[in-house]
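Residue numbers (numbering that gives the first Met the number 0), protein chains in the order written: chain A, 0 to 336; chain B, 0 to 336; chain C, 0 to 336; chain D, 0 to 336.
4 protein chains.
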Amino acid sequence: MIIVLKPNTKKKDETAVLKEIRRLGYRPHIMRGVARTVIGAIGDEQKNRTLEALNSWTQVEQVMPVQKRHKLVSREAHPNNSSVNAGGVVIGGKKLQVMAGPCSVESERQILTTAHAVKKAGATILRGGAFKPRTSPYEFQGLGEKGLKLLAKARRETGLPVITELLSEQQADLVAEYADILQIGTRNAQNFQLLIAAAKTGRPVLLKRGLAMKIDEWLLAGEYVLAHENPNLLFCERGVRTFETYTRNTLDLSTIPILKKETHCPVVIDPSQGVGRADLVTAMCKGAVAMGADALLIEVHPNPTEAWSDAAQQVSLDGFGRLMDELKPFIAAAGRV
Amino acid sequence: MIIVLKPNTKKKDETAVLKEIRRLGYRPHIMRGVARTVIGAIGDEQKNRTLEALNSWTQVEQVMPVQKRHKLVSREAHPNNSSVNAGGVVIGGKKLQVMAGPCSVESERQILTTAHAVKKAGATILRGGAFKPRTSPYEFQGLGEKGLKLLAKARRETGLPVITELLSEQQADLVAEYADILQIGTRNAQNFQLLIAAAKTGRPVLLKRGLAMKIDEWLLAGEYVLAHENPNLLFCERGVRTFETYTRNTLDLSTIPILKKETHCPVVIDPSQGVGRADLVTAMCKGAVAMGADALLIEVHPNPTEAWSDAAQQVSLDGFGRLMDELKPFIAAAGRV
Amino acid sequence: MIIVLKPNTKKKDETAVLKEIRRLGYRPHIMRGVARTVIGAIGDEQKNRTLEALNSWTQVEQVMPVQKRHKLVSREAHPNNSSVNAGGVVIGGKKLQVMAGPCSVESERQILTTAHAVKKAGATILRGGAFKPRTSPYEFQGLGEKGLKLLAKARRETGLPVITELLSEQQADLVAEYADILQIGTRNAQNFQLLIAAAKTGRPVLLKRGLAMKIDEWLLAGEYVLAHENPNLLFCERGVRTFETYTRNTLDLSTIPILKKETHCPVVIDPSQGVGRADLVTAMCKGAVAMGADALLIEVHPNPTEAWSDAAQQVSLDGFGRLMDELKPFIAAAGRV
Amino acid sequence: MIIVLKPNTKKKDETAVLKEIRRLGYRPHIMRGVARTVIGAIGDEQKNRTLEALNSWTQVEQVMPVQKRHKLVSREAHPNNSSVNAGGVVIGGKKLQVMAGPCSVESERQILTTAHAVKKAGATILRGGAFKPRTSPYEFQGLGEKGLKLLAKARRETGLPVITELLSEQQADLVAEYADILQIGTRNAQNFQLLIAAAKTGRPVLLKRGLAMKIDEWLLAGEYVLAHENPNLLFCERGVRTFETYTRNTLDLSTIPILKKETHCPVVIDPSQGVGRADLVTAMCKGAVAMGADALLIEVHPNPTEAWSDAAQQVSLDGFGRLMDELKPFIAAAGRV
């Protein structure tokens with residue numbers, strides 16, 4: 000920790016700060032600058048108590064931490080890329096993986112039609128929501144366990160592993176029984192009890208970024224998964240909330256190089272939630288692939304205008320086929336297959 | 000729903016839109032304007048399927064809902080103010096209620112000292128966290144059930160009802176056993192399973208606004224509580240996340256008149272989380288009281304610099320006494336007691 | 000400046016950093032911590048070149064400035080409150096000043112009617128736009144010099160000093176000839192050439208906060224005025240842009256105590272732009288007064304629905320009278336007159 | 000315009016709205032829905048007065064415009080892509096153009112060295128700031144006209160056209176004398192007087208997006224240029240301000256497909272300002288190229304750590320060479336040269 004004192008701080012006020020630093024387990028180190036006195040508090044910030052309370056002392060101008068707070072997800076802890084095996088499909092390797100399917104599982108016909116079509120077009124993982132978090136209590140909340148069974152059937156028929164959202168700690172075991180990857184949605188990105196419950200199933204966990212989540216907080220939320228002894232973590236950027244209203248969210252593609260620098264975990268991009276408009280999805284996918292994403296998560300529906308949720312952002316089966324074709328040169332340019 | 004077609008839309012493309020509108024249960028009504036054709040879709044948006052998928056049709060420029068989505072929390076449904084009785088203390092009546100106490104319950108001595116002191120200074124409800132959601136898995140997570148027992152002891156000694164945070168569906172009954180008000184924190188503001196679990200306990204629920212939650216979404220999250228037959232709902236503004244870094248959050252006091260207009264439920268302001276700096280709390284309280292808040296939620300600690308969490312934003316016992324004194328003229332000016 | 004090195008930095012990479020620090024005029028001071036080495040660069044950050052480029056060096060984890068960048072606007076430079084005399088009305092003294100009038104000057108009748116009415120209701124300064132910055136080139140751009148002359152006439156008739164917006168460097172002298180206070184609008188808050196031109200007229204300058212302007216940047220924009228030898232500076236909060244769409248902007252009332260702490264200059268609140276809805280203006284004013292604002296800037300129009308700009312946010316003459324009545328107890332509670 | 004009335008609006012209140020609609024030049028058209036009455040106001044929103052003031056009428060729930068406000072910049076007005084010729088270099092054609100150079104022109108040696116190096120690496124336009132908008136009045140403000148002359152010299156030596164920022168209306172002719180493209184910076188994106196002055200020079204204008212500027216506002220700011228009879232407009236995304244602090248701004252690459260859809264004008268991406276960190280620039284460029292950007296604007300400096308401004312975000316000459324090499328496969332994949 001670095002503590003900056005206000006100009007002209009009296010000796011006794013400085014002494015009080017030094018005493019407090021020592022009391023909390025640090026060794027103070029004074030630097031007298033031209034305009035300010037700065038105190039370094041030597042000690043392990045991850046073990047000792049935080050000194051941030053000094054911020055409220057009148058003689059203190061700023062308190063600045065110097066250590067990063069994430070450990071297990073960091074590149075320092077694991078310099079090589081890690082990869083996640085989900086039902087035989089490896090995310091984080093040379094192959095760009097594409098997770099595709101409807102926002103919600105609606106019927107056997109809908110999910111099977113979609114599964115076969117996306118597989119044919121090149122998708123390697125099937126997505127579909129069985130439990131849906133909906134802004135209003137009066138909107139369709141998903142088919143629940145019936146939806147999970149339909150996903151399992153689609154997996155049997157196509158061989159595609161399945162990713163689906165986990166909404167409730169109490170359903171962790173149930174969802175893990177059917178899913179190859181557990182998705183933690185943006186609204187639950189800091190629902191730490193849910194993250195722990197997901198981690199404990201041992202299944203790969205795909206952690207979406209919260210609507211207003213800083214990179215640092217996202218890495219720490221991921222830390223909850225690794226700290227509960229589940230190394231199979233995927234970070235998924237899905238857009239953050241800004242002032243812009245043209246798109247549903249602002250998809251922050253800079254997270255790809257940032258996460259690649261800060262963490263060893265694979266990076267997934269969800270352009271469908273990210274922009275919330277089917278007409279922009281292909282362009283966002285091109286950017287994501289070029290920038291080094293390990294996987295894409297794309298909403299595809301046999302008839303988007305009939306979708307029971309998020310209709311505006313789902314691409315059609317034909318549209319998905321064209322998208323996959325258009326991506327090919329960029330996958331090659333990125334050195335992926 | 001209002002559907003705006005693009006200029007120069009062909010007859011057959013218009014017909015397709017009309018057909019889709021009918022298929023989803025609405026009656027189309029055409030208005031031909033100077034530059035655009037606009038179609039009203041007559042029907043109940045709360046019962047019929049949404050038409051938002053039309054947004055992705057190439058001939059459609061905009062789809063605009065005309066109905067509000069919240070019902071039970073709305074002023075239309077309940078024109079008079081509602082009030083919430085928490086252990087005998089009425090929030091939403093003439094008296095301004097003050098909920099005060101530490102961010103986290105740390106020890107018997109800490110919570111009892113605080114409880115007596117805040118009561119003496121005029122607080123009417125005791126706050127204190129037993130289960131703490133922490134950004135990092137390595138930070139203090141609260142005393143758990145032991146903390147709840149200490150809060151119950153403080154209630155016995157002082158008579159102050161208790162508010163504490165609920166973090167997990169699985170702990171809803173446990174926390175409800177000890178608490179007079181269940182707090183749903185900002186990170187769980189759209190954790191709908193937790194909202195339902197809290198609602199089902201029958202205890203009053205204080206719903207904090209999410210970090211990037213629009214008013215409309217907040218009202219709908221509250222709707223989850225009322226729709227699960229618990230009428231005892233409090234909305235609590237605690238700051239939203241913006242680009243500003245001087246304060247921890249940006250406390251949006253305009254929510255007071257807005258909520259008073261849109262909903263009948265009482266409005267609580269949390270200036271401590273809202274600005275994250277003890278030195279600004281008194282000023283924020285003055286504004287909140289003047290603008291019509293029904294209650295304040297203030298973090299108070301016997302020794303803020305020793306606090307185990309959120310040290311920078313907790314006011315001291317003396318500071319809280321001065322704050323309560325300074326508020327008096329504004330409480331009177333607002334016609335409260 | 001504080002420079003944090005990455006863990007396990009090699010000796011030669013550390014030496015390179017030390018050399019660079021010396022080259023740019025600072026004296027390095029090394030602190031070896033448990034997990035990181037931290038280097039203090041001793042020297043005047045306001046005189047020497049910035050070290051921020053070190054951020055891009057691979058061995059550097061963070062570079063943190065320790066000095067604040069504003070000088071003349073700071074409390075350190077001028078511990079007492081300053082006040083601004085605008086045509087005989089003192090802003091920043093015991094009296095709460097109220098600037099009221101239409102968004103745009105539209106006609107002689109409109110501005111004179113408004114001026115007399117707002118004066119009668121207690122306003123002390125007349126506002127009105129003659130040059131209007133409009134998002135679209137096809138919207139009404141103001142009456143220009145004719146508008147200035149009408150404002151001058153209203154001043155002669157009522158004795159109220161006048162505040163109006165300055166849009167262009169080239170009009171600085173023209174506008175200063177008619178206005179008692181020059182308003183710099185939110186879109187020009189970092190138009191430094193305009194700030195300098197305004198400062199040089201010697202007139203008081205009211206500097207609105209930019210749409211996405213941090214406190215620190217706002218203080219520095221104000222610094223441009225004082226650094227060009229004009230001490231008559233007013234800071235005016237008018238809402239920042241966030242994700243919320245219920246209000247036009249999010250009025251950040253925490254700026255009142257923050258500015259009071261950081262600067263000696265008077266603080267003005269503009270609730271009309273701040274929320275963009277006439278029905279919320281009174282509540283926002285109550286909060287602003289309670290929190291210590293020195294003045295309010297309120298849009299008032301004889302017939303808001305006929306206004307040529309920003310119709311939704313202007314209050315009627317009657318509405319303004321009621322607003323002023325409702326404010327009285329809060330003005331008294333705040334110890335103002 | 001669409002006006003939504005509140006439920007249970009009385010006949011006389013409805014009649015008042017209809018009368019007002021007629022008074023402002025529109026023809027009202029009533030639709031009675033299940034829960035609301037909706038009134039279409041038929042008429043040209045670009046010619047008639049706005050009805051937005053109805054928002055403040057108590058019987059009105061919402062007022063929604065149906066027409067877009069931009070005209071000349073829109074695809075509707077000009078279905079084909081337009082291109083801009085800047086000193087012989089065509090932006091918006093098949094070739095991806097790269098504008099590269101230092102943030103500020105600092106010396107003859109610095110700008111000439113950079114110009115030769117970036118040309119060799121494949122840049123086609125030279126950038127460099129002569130007039131610099133700086134957050135603090137105490138920071139380096141650019142070499143001014145001397146800087147312009149150095150840019151002109153670099154153009155003579157290398158043949159590269161020059162882009163540089165225009166800060167002041169009063170300098171429009173001066174800067175236009177030396178520059179092939181006038182840059183309007185983010186802080187001046189809604190400085191309409193400056194936009195008009197720039198347009199009138201006849202030089203191509205590169206309009207950066209404001210820090211918190213919606214797409215709609217950006218298009219309208221561009222409209223100011225075209226409406227003043229200068230068709231040579233470039234839109235440049237350079238990141239918006241969000242809550243994230245890891246990067247300086249959040250570069251919104253979704254603007255590429257959005258602008259391509261809404262406007263015919265070429266799209267430029269500035270990754271240097273966009274992320275503010277040299278280590279992320281290459282990745283952002285890859286994404287921009289893949290998504291269809293017409294040009295890139297990249298800060299390059301012979302010795303970034305010695306730069307007089309924005310040191311952290313400038314890439315070195317060698318780094319720029321590597322960046323250009325790494326882009327090649329993505330330029331090809333995008334069908335550009």
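Glycine residues also receive a C-beta, built at the ideal position from the N, C-alpha and C atoms. In this text the structure is predicted, and so the values were computed from the model without any measurement.
Checklist entry - From V267(D) to L193(A), what distance separates their C-alpha atoms? => result For the purposes of this step, residue 267(D) is taken as residue 268 along the fourth sequence, with counting starting at 1. For the purposes of this step, residue 193(A) is taken as residue 194 along the first sequence, with counting starting at 1. So the alpha carbons of these two residues sit roughly 42 Å apart.
Checklist entry - Mind listing which residues of the stretch 238-250 of chain C have their C-beta closer than 8 Å to chain A's C-betas, in chain order? => result R240, T241, F242, T244
Checklist entry - List, in order along the chain, the chain C residues whose C-beta lies closer than 7 Å to that of N190(D)? => result If you number the fourth sequence from 1, residue 190(D) lands on position 191. Within chain C, the residues near N190(D) are R186, N187, N190.
Checklist entry - In chain order, what residues of the stretch 311-323 of chain B put their CB closer than 9 Å to some CB of chain C? => result none
Checklist entry - Exposed or buried, T134(D), counting other C-beta atoms within 10 Å across all chains shown (16 or more means buried)? => result Your numbering for residue 134(D) matches position 135 in the fourth sequence. T134(D) should be labelled buried.
Checklist entry - Taking the DSSP output, what are the residues bridged to G345(C)? => result The structure shown does not extend to residue 345(C), since chain C is modelled only from 0 to 336, so the question has no answer here.
Checklist entry - Hey, is A76(D)'s beta-carbon within less than 8 Å of any beta-carbon in chain A? => result Walking along the fourth sequence from the start, residue 76(D) turns up at place 77. No, its Cβ sits nowhere closer than 8 Å to a Cβ of chain A.
Next on the checklist: List, in chain order, every chain A residue whose beta-carbon is nearer than 9 Å to that of A197(B).
Outcome noted: Counted from its first residue, the second sequence places residue 197(B) at position 198. None at all; the shortest Cβ gap to chain A is about 13 Å.
Item to check | Rounded separation between T163(B) and G32(B) - CA only | outcome: The sequence position of residue 163(B) within the second sequence is 164, counting from 1. The sequence position of residue 32(B) within the second sequence is 33, counting from 1. Cα to Cα, T163(B) sits roughly 56 Å from G32(B).
Checklist entry - Looking at N302(C) and V274(C), is the spacing between their C-beta atoms short of 8 Å? => result Indexing the third sequence from 1 puts residue 274(C) at position 275. Indexing the third sequence from 1 puts residue 302(C) at position 303. Not a contact, by the Cβ cut-off of 8 Å.
Item to check | For P265(D), the first and last residue of its enclosing beta strand (DSSP E) | outcome: Taking the first residue of the fourth sequence as position 1, residue 265(D) is located at position 266. Premise fails: P265(D) is in no beta strand (DSSP E) and is neither H nor E.
Checklist entry - Does the stretch 248-267 of chain A come within contact of the stretch 211-231 of chain A, defined as at least 3 CB pairs closer than 8 Å? => result yes
Checklist entry - What residues of chain A sit near L252(D), judged by a beta carbon separation below 8 Å? => result Locating residue 252(D) in the fourth sequence gives position 253, counting from the first residue. Within 8 Å Cβ-Cβ: L250, L252, M283, G286.
Item to check | Proximal residues, the stretch 198-226 of chain C versus chain B, C-beta separation under 9 Å | outcome: A211, M212, K213, I214, D215
Checklist entry - First and last residue of the alpha helix (DSSP H) that includes L111(A)? => result The residue you call residue 111(A) lines up with position 112 of the first sequence. Per DSSP, L111(A) belongs to the alpha helix (DSSP H) from 107-120.
Item to check | Buried versus exposed, by CB contacts within 10 Å (16 or more), S308(B) | outcome: Within the second sequence, residue 308(B) is the residue found at index 309, counting from 1. That one is buried.
Checklist entry - Three-state secondary structure (DSSP) at C284(C)? => result For the purposes of this step, residue 284(C) is taken as the residue at position 285 of the third sequence. It is helical.
Checklist entry - Going by the CB atoms, is the gap between L53(B) and V97(B) shorter than 8 Å? => result As a working note, residue 97(B) is residue 98 in the second sequence. As a working note, residue 53(B) is residue 54 in the second sequence. Not closer than 8 Å, so no.
Item to check | Per-residue burial, P136(A) [other beta carbons within 10 Å of its own, 16 or more giving buried] | outcome: Taking the first sequence and counting its residues from 1, the one referred to as residue 136(A) is at position 137. Buried, because 16 or more other Cβ atoms sit within 10 Å of the Cβ of P136(A).
Checklist entry - Just to confirm, are A196(B) and E168(B) a CB contact at a threshold of 8 Å? => result Translated into the one-based positions of the second sequence, residue 196(B) becomes position 197. Translated into the one-based positions of the second sequence, residue 168(B) becomes position 169. Yes, these two residues count as a Cβ contact at 8 Å.
Checklist entry - Between L326(C) and V288(C), which are expected to be in contact by the criterion C-beta below 8 Å, what is the C-beta distance as a whole number of angstroms? => result Here residue 326(C) corresponds to residue number 327 of the third sequence, with the count starting at 1. Here residue 288(C) corresponds to residue number 289 of the third sequence, with the count starting at 1. Rounded, the Cβ-Cβ distance is 6 Å, consistent with contact.
Item to check | Under the three-state DSSP convention, the category P27(B) falls into | outcome: Translated into the one-based positions of the second sequence, residue 27(B) becomes position 28. P27(B) falls in the strand class under three-state DSSP.
Checklist entry - Who are F234(C)'s beta bridge partners in DSSP? => result Start at 1 with the first residue of the third sequence, and residue 234(C) comes out as number 235. Note: F234(C) sits in a beta bridge opposite L206(C), V266(C).
Checklist entry - Is the stretch 120-132 of chain D touching the stretch 87-101 of chain D in the sense that three or more CB pairs, one from each, lie closer than 8 Å? => result yes
Next on the checklist: Does any residue of chain A have a CB that is nearer than 8 Å to the CB of R68(B)?
Outcome noted: For the purposes of this step, residue 68(B) is taken as residue 69 along the second sequence, with counting starting at 1. Closer than 8 Å to some Cβ of chain A, the Cβ of R68(B) qualifies, so yes.
Item to check | Residues of its chain near Q182(A), where Cβ-Cβ distance is below 6 Å and the 5 sequence neighbours each way are ignored | outcome: Translated into positions along the first sequence, residue 182(A) becomes position 183. Within the same chain, Q182(A) has close Cβ partners I162, E164, L205.
Item to check | Limits of the beta strand (DSSP E) - the one that R126(D) falls within | outcome: Start at 1 with the first residue of the fourth sequence, and residue 126(D) comes out as number 127. It spans 124-126 - the beta strand (DSSP E) in which R126(D) sits, taken as one unbroken run.
Checklist entry - Can you find a CB in chain C that lies within less than 8 Å of the CB of L111(B)? => result Mapped onto the second sequence, residue 111(B) falls at position 112. No, no contact with chain C.
Item to check | Buried versus exposed call for R202(B) [16 or more other C-beta atoms within 10 Å across all chains shown] | outcome: Indexing the second sequence from 1 puts residue 202(B) at position 203. Classification for R202(B): buried.
Checklist entry - At least one CB of chain B closer than 8 Å to the CB of P27(A): is that the case? => result For the purposes of this step, residue 27(A) is taken as residue 28 along the first sequence, with counting starting at 1. No, because no Cβ of chain B sits closer than 8 Å to the Cβ of P27(A).
Checklist entry - In whole angstroms, what separates the C-alpha of D172(D) from that of H227(D)? => result Start at 1 with the first residue of the fourth sequence, and residue 172(D) comes out as number 173. Start at 1 with the first residue of the fourth sequence, and residue 227(D) comes out as number 228. Rounded to whole angstroms, D172(D) to H227(D) spans 16 Å at the Cα level.
Item to check | Positions along the stretch 295-306 of chain D whose CB lies within less than 8 Å of some CB in chain C | outcome: P303, T304, E305, A306
Checklist entry - Whose C-alpha, out of I297(D), A282(D), N187(D), is nearest the C-alpha of Q272(D)? => result Against the fourth sequence, residue 272(D) aligns to sequence position 273. If we check each option's Cα against that of Q272(D), I297(D) comes out closest.
Checklist entry - Which value, in whole angstroms, describes the spacing of the CA atoms of V59(C) and E243(D)? => result Position 60 of the third sequence, counted from the start, is the residue given in the question as residue 59(C). Position 244 of the fourth sequence, counted from the start, is the residue given in the question as residue 243(D). For V59(C) and E243(D), the distance between alpha carbons rounds to 20 Å.
Item to check | Continuous beta strand (DSSP E) assignments of at least 3 residues falling wholly in the stretch 152-210 of chain A | outcome: 161-164, 180-183, 204-207
Checklist entry - Residue ranges of each beta strand (DSSP E) run of no fewer than 3 residues wholly in the stretch 35-78 of chain A, ordered along the chain? => result 36-41, 59-63
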